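Novice: These protein sequences, in sequence, are chains E and P. Residues in the first sequence are numbered from 1 upward in steps of one, following my numbering. Residues in the second sequence are numbered from 1001 upward in steps of one, following my numbering. Where is the CB? At the ideal position from N, CA and C, for every residue including glycine. Model, not experiment: these values are computed from the prediction.
There are 2 protein chains.
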Amino acid sequence: MEPDLNQYLPLSPAVLHILLALSGEDRHGYAIMQEIARQSAGRYKLGPGTLYDNLEKLLEKGLVRELPRRPGEEDPRRRYYRLTDTAKKLLATEIERLDSLVREARGRLRPHPRRAT
Amino acid sequence: MEPDLNQYLPLSPAVLHILLALSGEDRHGYAIMQEIARQSAGRYKLGPGTLYDNLEKLLEKGLVRELPRRPGEEDPRRRYYRLTDTAKKLLATEIERLDSLVREARGRLRPHPRRAT
DNA sequence: ACACATAACTCGGAATCCGATATATCGGAC
DNA sequence: GTCCGATATATCGGATTCCGAGTTATGTGT
Chain E
1 MEPDLNQYLP LSPAVLHILL ALSGEDRHGY AIMQEIARQS AGRYKLGPGT LYDNLEKLLE
61 KGLVRELPRR PGEEDPRRRY YRLTDTAKKL LATEIERLDS LVREARGRLR PHPRRAT
Chain P
1001 MEPDLNQYLP LSPAVLHILL ALSGEDRHGY AIMQEIARQS AGRYKLGPGT LYDNLEKLLE
1061 KGLVRELPRR PGEEDPRRRY YRLTDTAKKL LATEIERLDS LVREARGRLR PHPRRAT
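Take a look at the structure:
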């Protein structure tokens, strides 16, 4: 029933950032690009090519769905996207994996534990 | 003088895992593959194609260097690799970036803090 | 009216991925 | 001592992904 989440892991940087950008709220494409730039303090920028390539694949996989036009939306060009429940689980799984990676790396990069001064 | 580390970020999953596998100790290619499989509990496996593609690029960039043959080494086929100081800094930078990503994601994925029951 | 930001999208060369395959050695079982 | 699976490095090439440049068009502020 549940698709195997592990088949999607590890997430490429592009997919990770797209899912993350959508995790807080629904966004349209342009806003996703801005959010990613914001989160990385401008160091990582997703071009439209990468964004729409990946967005299309995420739609196919059922990880993201497009929302119908918003009633009160002022700019009719915007197309909003939302994570599916599967994507939320996937993101949560990946975040945990990354966290354990971070902890493992910390242990190795800090090979000289100093005791309390 | 210092090469701009940001130009290498974000690291692809393959590069991240290779650097991580080498962060604790020098390893030869086959051992890198095993270490990566071990760390992910067998869920993520790097094939030889991906490994050697990336290893070659890392050597070119001066992030990894090959060690001379070990005196006491039993298996003469093994070629050992070591991270350069630049790579250690790069890995540390990426780990911090991932950590802040993890923290941001946690805040978003846990938007309904339930009080103690 | 003008300029710039917003917004979605296309295109195609470049880069990367990555399993299949090749070649050879090691180590243990028998 | 021979057999065999694991170890070890490496190449090849099709498939996939990346990703900026460019396109078209609308919103917004002056």
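#1: When you compare only the Cα positions, how much space is there between THR84/E and SER1040/P?
#2: Considering only C-alpha positions, which residue in the set ARG82/E, GLY107/E, PRO13/E is nearest to TYR44/E?
#3: Please go through the same chain and pick out, in chain order, the residues whose beta-carbon is closer than 6 Å to the beta-carbon of HIS17/E, but skip the five residues on each side of it.
#4: With a threshold of 6 Å on Cβ separation, who are the neighbours of LEU1011/P within its own chain once the five nearest residues in sequence on each side are excluded?
#5: Quick one: give me the first and last residue of the beta strand (DSSP E) that ARG1103/P is part of.
#6: Listing by chain order, which chain P residues have their CB less than 7 Å from the CB of ASP99/E?
#7: Could you tell me which chain E residues have their CB closer than 8 Å to the CB of ARG1082/P, listed as they occur along the chain?
#8: Give the residues from the segment 1005-1016 of chain P that approach chain E closer than 8 Å (Cβ to any Cβ), ordered along the chain.
#9: Are the CB atoms of ALA1105/P and SER100/E within a distance shorter than 8 Å?
#10: Please specify which runs of the beta strand (DSSP E), each continuous and at least 3 residues long, are wholly inside the segment 1002-1072 of chain P, giving them in chain order.
#11: For the candidate residues LEU109/E, GLY107/E, LEU91/E, ARG108/E, whose alpha-carbon lies nearest to that of LEU5/E?
Specialist: Result, derived from the coordinates:
#1: On the first sequence, position 84 is the one that residue 84/E refers to. On the second sequence, position 40 is the one that residue 1040/P refers to. Straight-line Cα distance between these residues: approximately 25 Å.
#2: Indexing the first sequence from 1 puts residue 44/E at position 44. The option with the nearest alpha carbon to TYR44/E is PRO13/E.
#3: As a position in the first sequence, residue 17/E is number 17, starting the count at 1. The residues are ILE36.
#4: What you label residue 1011/P is simply residue 11 of the second sequence in a count that begins at 1. Result list for LEU1011/P: GLU1094, in chain order.
#5: If you number the second sequence from 1, residue 1103/P lands on position 103. Careful: ARG1103/P lies outside any beta strand (DSSP E), inside the alpha helix (DSSP H) at 1085-1109.
#6: Reading the first sequence from its first residue, position 99 is the one you call residue 99/E. Here the neighbours are VAL1102.
#7: Position 82 of the second sequence, counted from the first residue, corresponds to residue 1082/P. Correct list: empty, because the minimum Cβ distance to chain E is about 13 Å.
#8: ASN1006, LEU1009, PRO1010, LEU1011, SER1012, PRO1013, LEU1016
#9: Taking the first residue of the first sequence as position 1, residue 100/E is located at position 100. Taking the first residue of the second sequence as position 1, residue 1105/P is located at position 105. Not in contact: SER100/E and ALA1105/P (Cβ atoms no closer than 8 Å).
#10: 1064-1066
#11: As a first step, residue 5/E must be located in the first sequence, where it is residue number 5. Checked all of LEU109/E, GLY107/E, LEU91/E, ARG108/E; the closest Cα to LEU5/E is LEU91/E.
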